Amino acid sequence: MIKSVKIRLKPNGKAIKKIFNNTIKREEYEWLYEVSSQAISEAFNDLQRAFDNFLNGKSKYPRFKTKKRSKQSFYVRYDRMNIKNNTVNIEKIGRVKFTTNYYIPILKSYVNPRCHFDGKYWYLTFGYEQDENQVELNQDLSIGIDLGVTNLAVVSHMDNPIKNINKSPKVEKLEKKLKRLQRKCSRKYEMNKNGKKFIKTKNIIKLERKIKLIHRQLANIRNNHIHQATNSIVKLRPYRIVMEDLNISGMMKNKHLSKAIREQKLHEFLRQIEYKSKFNGIEFVKADRFFPSSKMCSSCGNIKKDLKLSDRIYTCNCGLKIDRDKNASINLSNYKLA
5 MIKSVKIRLK
15 PNGKAIKKIF
25 NNTIKREEYE
35 WLYEVSSQAI
45 SEAFNDLQRA
55 FDNFLNGKSK
65 YPRFKTKKRS
75 KQSFYVRYDR
85 MNIKNNTVNI
95 EKIGRVKFTT
105 NYYIPILKSY
115 VNPRCHFDGK
125 YWYLTFGYEQ
135 DENQVELNQD
145 LSIGIDLGVT
155 NLAVVSHMDN
165 PIKNINKSPK
175 VEKLEKKLKR
185 LQRKCSRKYE
195 MNKNGKKFIK
205 TKNIIKLERK
215 IKLIHRQLAN
225 IRNNHIHQAT
235 NSIVKLRPYR
245 IVMEDLNISG
255 MMKNKHLSKA
265 IREQKLHEFL
275 RQIEYKSKFN
285 GIEFVKADRF
295 FPSSKMCSSC
305 GNIKKDLKLS
315 DRIYTCNCGL
325 KIDRDKNASI
335 NLSNYKLA
C-alpha cells in the first residue's frame, strides 16, 4: 500500500535563489545583469532574515514586492567600495560625489554598506569599528525614563518632560496638509478609473511625489527630535539608565492609541538610548515588564493597587503628591535587579 505524506517545507531563501538563477536567463530579465551580483545575493539574505523573523513570530509573512513597488535600496560590495576626495566608488556605477557632515576614516573595508533613496536624496550608509567613548560618569547618578503618549519621556533627573513633537504646530500643520493631498489624490484616482483599473496620470504622479516628500519631512522631524532627546539624557553622564521593558507590539493592538504610539517612535527611542549608553560605557537596564513603577510610591514604597490610567496625579497616604509619570521615572531610577 502506498501512503501519501504531505510535508510543509520551511521557507528558504537559498531554494528561492536557485529558482531565480534559472529564471534570469530569460530575455525579459536581462536588466538584472546590469546590477552587481553581490547586491542580488544580499537581497536573498534579506529574504532569509524575513523568513526567520516570520517563523520566530517577530513579523508577518514576507510580502512580494515588484520592481516598481519596493523600497529603493541596494547593497554595495564592501571590498569594491573605496572613499577618496569626497567621492566613493560603487561597483557597476563608478565614482560618485558625496557630501557629509561626518568625519569618515579611510579604511580598507566597511561593514554592511547600503544605498537607499528617501524620496529626495540618495544616501550611502555603512559601519566601521570604533573604540568606546571614554567619558567620566557620575557614579551616584542612576536615571529612570518613563515613556508615554502625552509626553515622549519623563526623566527622573530632569525638571521638565521631553515633549511630544507630534503636538507641535509645525507637525500638526504638515499632518493637515498631508491629509488634504491624500484626499485630493484619492479623488483623482476615482475620476480616472477605467472599469476596475486605476489610470495613473501625470497629475497623480506629481501629487504622490508631494505626499512622499511630506512623509519624508515628518520622519526627519521625529528622528531629529529623538536624537536630541536621547543626547540630552546621555550628556547627564549617569552610570546607569533604567527603562521599562515595554510591550510595544501589544500596545499597538489598541486601536485608540496605535497611531499615537507609532508616531512617538518609542522603539526607536529605546534603540537609540541602548546603543548610545553602550558607546559611552553607561549601564543600560530594562526593568521587568510587571514592575509596578506607576503604582509604587517613590517616597515610602507603598503600592496603590486601585490606581487608574486616568489618574494623572499620584497621591499617597504618606503625604506625597506628584505627577504620575514623574513618580514612575523615580521608581525606575531606584530599580534593583533581582
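Just remember that my numbering sits 4 ahead of the position in the sequence shown, which is counted from 1. A virtual CB, placed ideally from N, CA and C, is assigned to each residue, including glycine. These numbers were taken from a predicted model, which means no experiment stands behind them.
Using the C-alpha atoms, what's the distance from residue j back to residue i?
i      : j      : result
Phe295 : Leu151 : 14 Å
Lys7   : Asn227 : Confidence at Lys7 is low in this model, with a pLDDT of 48, below 50, so the placement of that residue should be treated as unreliable; the coordinate-derived value is given next. Cα-Cα distance, rounded: 58 Å.
Asp249 : Ala291 : 6 Å
Ile110 : Cys320 : 59 Å
Ile219 : Lys71  : In the sequence as displayed, the identity of residue 219 is His instead of Ile. Those two C-alpha atoms are separated by around 21 Å.
Leu178 : Leu222 : 7 Å
Ser337 : Asn164 : 16 Å
Asn196 : Ser74  : 24 Å
Between which two residues does the alpha helix (DSSP H) carrying residue i extend?
i      : result
Pro173 : Pro173 to Met195
Tyr279 : Leu270 to Phe283
Val238 : Lys206 to Val238
Lys312 : Segment: none, Lys312 is in no alpha helix (DSSP H) and carries neither H nor E.
Gly17  : Gly17 to Thr27
Gly254 : Ile252 to Met255
With residue i as the anchor, note down where its beta strand (DSSP E) starts and where it stops.
i      : result
Ser77  : Ser77 to Tyr79
Leu245 : According to the sequence provided, residue 245 is Ile. The question's Leu does not apply to it. Where Ile245 is concerned, the enclosing beta strand (DSSP E) stretches over Pro242 to Glu248.
Phe288 : Glu287 to Ala291
Thr319 : Ile317 to Thr319
Asp327 : Lys325 to Asp327
For residue i, which beta-bridge partners are listed by DSSP?
i      : result
Arg99  : Asn93
Thr154 : Paired residue(s): none; Thr154 is not in a bridge.
Val39  : Val39 is not bridged to any residue.
His120 : Ser77 and Tyr127
Asn198 : Lys201
Val159 : Ile149
Val139 : According to DSSP, which records beta bridges pairwise, Val139 is partnered with nothing at all.
Are residue i and residue j touching if we call contact CB-CB under 8 Å?
i      : j      : result
Asp83  : Ser113 : yes
Ile245 : Ile147 : yes
Lys282 : Phe273 : no
Ser333 : Ile149 : yes
Leu261 : Val153 : yes
Arg99  : Asn90  : no
Ile225 : Val175 : yes
Give the C-beta separation of residue i and residue j to the nearest angstrom, bearing in mind that I take them to be a contact with Cβ-Cβ under 8 Å.
i      : j      : result
Arg53  : Leu141 : Not really, about 35 Å apart at Cβ, beyond 8 Å.
Leu156 : Ala264 : About 11 Å; that fails the 8 Å criterion.
Lys192 : Asn207 : 6 Å
Phe78  : Arg118 : 7 Å
Ser303 : Arg328 : Contact flag wrong, Cβ pair sits at about 14 Å.
Glu136 : Gly285 : 6 Å
Do residue i and the ligand SAM come close, with the Cβ less than 7 Å from some heavy atom?
i      : result
Arg118 : This structure lacks the ligand SAM; in fact it carries no ligand of any kind.
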